[in-house]
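Enquirer:
Protein chains: 2
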Amino acid sequence: MNTNIIPHSFSVTTSMREKLKGHPGRVIWFTGLSGSGKSTIAHELDLRLNRKGIHTYILDGDNIRSRLNSDLGFSDRDRAENIRRIAETAALFADAGIVVITAFISPFRAGREHARGLLPRGRFIEVFVNCPLETAEARDPKGLYKKARRGEIPDFTGINSPYEEPLNPEIIIDSGNQSVDEAVEAVIAYLNKE
Amino acid sequence: MNTNIIPHSFSVTTSMREKLKGHPGRVIWFTGLSGSGKSTIAHELDLRLNRKGIHTYILDGDNIRSRLNSDLGFSDRDRAENIRRIAETAALFADAGIVVITAFISPFRAGREHARGLLPRGRFIEVFVNCPLETAEARDPKGLYKKARRGEIPDFTGINSPYEEPLNPEIIIDSGNQSVDEAVEAVIAYLNKE
Numbered sequence: 001m002n003t004n005i006i007p008h009s010f011s012v013t014t015s016m017r018e019k020l021k022g023h024p025g026r027v028i029w030f031t032g033l034s035g036s037g038k039s040t041i042a043h044e045l046d047l048r049l050n051r052k053g054i055h056t057y058i059l060d061g062d063n064i065r066s067r068l069n070s071d072l073g074f075s076d077r078d079r080a081e082n083i084r085r086i087a088e089t090a091a092l093f094a095d096a097g098i099v100v101i102t103a104f105i106s107p108f109r110a111g112r113e114h115a116r117g118l119l120p121r122g123r124f125i126e127v128f129v130n131c132p133l134e135t136a137e138a139r140d141p142k143g144l145y146k147k148a149r150r151g152e153i154p155d156f157t158g159i160n161s162p163y164e165e166p167l168n169p170e171i172i173i174d175s176g177n178q179s180v181d182e183a184v185e186a187v188i189a190y191l192n193k194e
Numbered sequence: 001m002n003t004n005i006i007p008h009s010f011s012v013t014t015s016m017r018e019k020l021k022g023h024p025g026r027v028i029w030f031t032g033l034s035g036s037g038k039s040t041i042a043h044e045l046d047l048r049l050n051r052k053g054i055h056t057y058i059l060d061g062d063n064i065r066s067r068l069n070s071d072l073g074f075s076d077r078d079r080a081e082n083i084r085r086i087a088e089t090a091a092l093f094a095d096a097g098i099v100v101i102t103a104f105i106s107p108f109r110a111g112r113e114h115a116r117g118l119l120p121r122g123r124f125i126e127v128f129v130n131c132p133l134e135t136a137e138a139r140d141p142k143g144l145y146k147k148a149r150r151g152e153i154p155d156f157t158g159i160n161s162p163y164e165e166p167l168n169p170e171i172i173i174d175s176g177n178q179s180v181d182e183a184v185e186a187v188i189a190y191l192n193k194e
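Each protein sequence line maps, in turn, to chains A and B.
Under the working numbering, residue 194 is the last one in the first sequence; the count climbs by one each step, no gaps.
Under the working numbering, residue 194 is the last one in the second sequence; the count climbs by one each step, no gaps.
#1: When the distance is taken between beta carbons, is Arg-67 of chain A closer than 9 angstroms to Leu-92 of chain B?
#2: One question on the structure: do His-55 of chain B and Ala-115 of chain A come within less than 9 angstroms of each other, judged by their Cβ atoms?
#3: In whole angstroms, give me the CA-to-CA distance for Asn-2 of chain B and Asp-181 of chain A.
#4: Pull the bridge partners of Asp-174 of chain B from the DSSP assignment, please.
#5: Please list, in chain order, all residues of the same chain as Phe-108 of chain A whose beta carbon is under 6 angstroms from its beta carbon, the five residues on each side excluded.
#6: For a contact defined as C-beta to C-beta under 8 angstroms, what are the partners of Arg-85 of chain A on chain B?
#7: Can you find a C-beta in chain A that's less than 9 angstroms from the C-beta of Arg-152 of chain B?
#8: Closer than 7 angstroms by beta-carbon distance: list the chain B residues that pair up with Asn-192 of chain A, in chain order.
#9: Unbroken alpha helix (DSSP H) runs of length 4 or more, entirely within the region 74-99 of chain A: which are they?
#10: Alpha carbon to alpha carbon, how far is Asp-78 of chain A from Pro-169 of chain A? Give it in angstroms, no decimals.
#11: Less than 9 angstroms between CB atoms is the rule here; does Gly-53 of chain A satisfy it with respect to chain C?
#12: Taking the straight line between their C-alpha atoms, what separation do you get for Ile-101 of chain A and Val-12 of chain B?
#13: How far does the alpha helix (DSSP H) with Arg-17 of chain B in it reach, from first residue to last?
#14: Counting only beta-carbon separations shorter than 9 angstroms, does Asp-71 of chain B have a partner in chain A?
#15: Three-state secondary structure (DSSP) at Leu-119 of chain A?
#16: Please name the residues in the region 89-115 of chain B whose beta-carbon is closer than 8 angstroms to at least one beta-carbon of chain A, in chain order.
#17: DSSP three-state label for Arg-51 of chain B, please.
#18: Tell me which residue opens and which closes the beta strand (DSSP E) that Asp-60 of chain B is part of.
#19: Report the residue from B:Ser-15, B:Thr-14 and B:Pro-24 whose alpha carbon sits nearest the alpha carbon of Arg-123 of chain B.
#20: Kindly give me the distance between the Cβ atoms of Phe-128 of chain A and Pro-166 of chain A, rounded to whole angstroms, as I take these residues to be in contact under 8 angstroms.
#21: Count the C-beta pairs between the region 181-192 of chain B and the region 136-153 of chain B that are closer than 8 angstroms, then say yes if the count reaches three, no if not.
#22: Strictly under 9 angstroms for the Cβ-Cβ distance: is Ile-28 of chain B near chain A by that measure?
#23: With 9 angstroms as the threshold, decide whether the Cβ of Leu-133 of chain B is near any Cβ in chain A.
#24: Is Lys-142 of chain B closer than 9 angstroms to Gly-35 of chain B when the C-beta atoms are compared?
#25: Please tell me whether Phe-74 of chain B and Pro-154 of chain B are closer than 9 angstroms, where the distance is taken between their beta carbons.
#26: With DSSP as the reference, label Ile-28 of chain B as helix, strand or coil.
#27: Starting from the C-beta of Arg-51 of chain A, find all residues in its chain whose C-beta is less than 6 angstroms away, skip the five residues before and the five after it, and write them out in chain order.
#28: Taking the alpha helix (DSSP H) that Ile-188 of chain A falls in, what are its first and last residues?
#29: Just to confirm the assignment, what range does the alpha helix (DSSP H) spanning Leu-144 of chain A have?
#30: Please tell me whether Asn-160 of chain A and Gly-32 of chain A are closer than 9 angstroms, where the distance is taken between their beta carbons.
#31: Shortest alpha-carbon distance to Leu-59 of chain A belongs to which of A:Leu-49, A:Arg-48, A:His-43 and A:Leu-72?
#32: Apart from the five residues on each side of it in sequence, which residues of its chain come closer than 7 angstroms, Cβ to Cβ, to Ile-98 of chain A?
#33: So which residues on chain B does Thr-14 of chain A lean against when the C-beta distance must stay under 7 angstroms?
#34: In the DSSP assignment, what are the bridge partners of Thr-102 of chain A?
#35: Output needed for Ala-183 of chain A: all residues of its chain with C-beta closer than 6 angstroms, excluding positions within five of it in sequence on either side, in chain order.
#36: Kindly identify the DSSP beta-bridge partner or partners of Ser-161 of chain A.
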């Protein structure tokens, strides 16, 4: 009987995984108010990068809140845990050589800085989708601001919970004035420069 | 001011992501006792597939327990949550077009069936690394069986917590008699047949 299974001494490295893809893994982390346009810009970026042959993936409310984080609510503690798990999952994707795009309000600096700290230097790209509250509230694509103003949503970012603006984001999108195309171009230009 | 950001109407599909990679995303889920050889076989498989140009990733204790699931202990509830999150993360990787390999004891049928249910039919491949308890205990690469026998580990699979064998796994490895190479070949043969 072969009782001599030896614990693995060699693993596939990140650079071996990246070599297959032809580019390094990265996290492109969108942050901004609800209604700022994060998700729209992120999905258009995903499409544009995919067409250029870049191996991307997107993490957003659609595939995270109802699945991996379905056990979490919206208390301060649960929101922090939500962002922590997203950060860890994004870091796994980057380690796999994927350019992973995340689109969450992620209102607190501490959570975003934790996400940054999980990646090697230069692999985390914070994109601040800067949008005046009035503009985001006027758009209100999901009717959430109206609900929050009626007091139906506790701790809604921008209304009764703070949004902590990034201090040194890699990219700032002026969502009130830039079009989706211009925003996507700004991110692609940054990636090409790297 | 452009206040007309329209919610995204088009997203990159799984098949678009898979097209870049040249193969479908899949989950290859190893299950078996501690010391059965799961991790060794999984890492060797990862290496062999990577050399064949297949875009793989591995989820195992090394990158999950200390990171994404660092908040979890080893109570029944936490072990179930550990496997649930691994299953959800693996499903995200498969959706990204990656062949993701998981190597966890995952002793309970319910947890593995939940993982299977997250994937389209045929995309979840359960590999049962069948190893007699005596063989696994004789190997005891991490000294865990000794500790468990001394009563220092509550709920250790095979000693004081059950291992529920898969009823219909796609692949069974006879870990007491097959070499690591033979085990890896068996998985690759299954993948080629698909």
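Note that the Cβ used here is the ideal one computed from N, Cα and C, for glycine as well.
Expert: In terms of the structure at hand:
#1: Stepping through the second sequence from its first residue, residue 92 of chain B is reached at position 92. Stepping through the first sequence from its first residue, residue 67 of chain A is reached at position 67. Cβ atoms of Leu-92 of chain B and Arg-67 of chain A: closer than 9 angstroms.
#2: As a first step, residue 55 of chain B must be located in the second sequence, where it is residue number 55. As a first step, residue 115 of chain A must be located in the first sequence, where it is residue number 115. Ala-115 of chain A sits away from His-55 of chain B, with the two beta carbons spaced by 9 angstroms or more.
#3: One-based indexing of the second sequence puts residue 2 of chain B at position 2. One-based indexing of the first sequence puts residue 181 of chain A at position 181. Annotation note: pLDDT 44 at Asn-2 of chain B (below 50); position unreliable, coordinate value reported separately. Cα to Cα, the separation comes out at about 12 angstroms.
#4: Translated into the one-based positions of the second sequence, residue 174 of chain B becomes position 174. Bridge pairing for Asp-174 of chain B: B:Asn-130 [DSSP].
#5: Stepping through the first sequence from its first residue, residue 108 of chain A is reached at position 108. Taken in chain order, the residues that qualify are Glu-164.
#6: The count along the first sequence starts at 1 and reaches residue 85 of chain A at position 85. Within chain B, the residues near Arg-85 of chain A are Leu-68 and Arg-85.
#7: Looking up residue 152 of chain B in the second sequence gives position 152. Reading off the sequence, residue 152 of chain B comes out as Glu, not Arg. No, Glu-152 of chain B lies away from the interface with chain A (no Cβ there is under 9 angstroms from its Cβ).
#8: In the first sequence, the residue the question calls residue 192 of chain A occupies position 192. The premise fails here: Asn-192 of chain A is roughly 19 angstroms from chain B at the closest Cβ pair, so nothing lies under 7 angstroms.
#9: 76-95
#10: As a position in the first sequence, residue 169 of chain A is number 169, starting the count at 1. As a position in the first sequence, residue 78 of chain A is number 78, starting the count at 1. Answer to the nearest angstrom: the Cα atoms are 25 angstroms apart.
#11: Judged by its chain identifiers, the structure shown contains no chain C, and its protein chains are A and B.
#12: Sequence index remark: in the first sequence, residue 101 of chain A carries index 101 (1-based). Sequence index remark: in the second sequence, residue 12 of chain B carries index 12 (1-based). One C-alpha to the other measures close to 12 angstroms.
#13: Against the second sequence, residue 17 of chain B aligns to sequence position 17. Here the alpha helix (DSSP H) through Arg-17 of chain B covers 14-21.
#14: Counted from its first residue, the second sequence places residue 71 of chain B at position 71. Interface residue, yes.
#15: The residue labelled residue 119 of chain A in the question sits at position 119 within the first sequence. In the structure shown, Leu-119 of chain A sits in coil (DSSP, three-state: anything other than H, G, I, E or B).
#16: Thr-89, Ala-91, Leu-92, Phe-93, Asp-95, Ala-96, Gly-97 and Ile-98
#17: As a working note, residue 51 of chain B is residue 51 in the second sequence. If DSSP states are grouped into helix, strand and coil, Arg-51 of chain B belongs with the helices.
#18: Taking the first residue of the second sequence as 1, we reach residue 60 of chain B at position 60. Counting along the chain, the beta strand (DSSP E) containing Asp-60 of chain B begins and ends at 56-60.
#19: Residue mapping note: residue 123 of chain B aligns to position 123 of the second sequence, counting from 1. The shortest C-alpha separation from Arg-123 of chain B is found at B:Pro-24.
#20: Translated into the one-based positions of the first sequence, residue 128 of chain A becomes position 128. Translated into the one-based positions of the first sequence, residue 166 of chain A becomes position 166. That pair is a contact at about 5 angstroms.
#21: no
#22: By one-based count along the second sequence, residue 28 of chain B stands at place 28. So no, Ile-28 of chain B is outside the interface.
#23: For the purposes of this step, residue 133 of chain B is identified with residue 133 of the second sequence, where counting begins at 1. So no, Leu-133 of chain B is outside the interface.
#24: The residue labelled residue 35 of chain B in the question sits at position 35 within the second sequence. The residue labelled residue 142 of chain B in the question sits at position 142 within the second sequence. The answer is yes: Cβ separation under 9 angstroms.
#25: Counted from its first residue, the second sequence places residue 74 of chain B at position 74. Counted from its first residue, the second sequence places residue 154 of chain B at position 154. Cβ atoms of Phe-74 of chain B and Pro-154 of chain B: closer than 9 angstroms.
#26: Within the second sequence, numbered from 1, the residue matching residue 28 of chain B stands at position 28. Three-state DSSP puts Ile-28 of chain B in a strand.
#27: Looking up residue 51 of chain A in the first sequence gives position 51. Here the set comprises nothing.
#28: Within the first sequence, residue 188 of chain A is the residue found at index 188, counting from 1. Note, Ile-188 of chain A: alpha helix (DSSP H), 180-193.
#29: Within the first sequence, residue 144 of chain A is the residue found at index 144, counting from 1. It spans 144-149 - the alpha helix (DSSP H) in which Leu-144 of chain A sits, taken as one unbroken run.
#30: Numbered from 1 along the first sequence, position 160 holds the residue referred to as residue 160 of chain A. Numbered from 1 along the first sequence, position 32 holds the residue referred to as residue 32 of chain A. No. Outside cutoff.
#31: The sequence position of residue 59 of chain A within the first sequence is 59, counting from 1. Of the listed residues, the one whose Cα sits closest to Leu-59 of chain A is A:His-43.
#32: Numbered from 1 along the first sequence, position 98 holds the residue referred to as residue 98 of chain A. Cβ within range, chain order: Gly-25, His-55, Thr-56 and Tyr-57.
#33: As a position in the first sequence, residue 14 of chain A is number 14, starting the count at 1. In chain order: nothing, as chain B lies at least about 10 angstroms away.
#34: Residue mapping note: residue 102 of chain A aligns to position 102 of the first sequence, counting from 1. The partner list for Thr-102 of chain A (beta bridge, DSSP) reads A:Trp-29 and A:Leu-59.
#35: By 1-based counting over the first sequence, the position of residue 183 of chain A is 183. For Ala-183 of chain A, the CB contacts under 6 angstroms within the same chain, skipping 5 residues up- and downstream, are Ile-41 and Ile-173 in chain order.
#36: For this step, residue 161 of chain A is matched to residue 161 along the first sequence. Its beta-bridge partners are A:Thr-157.
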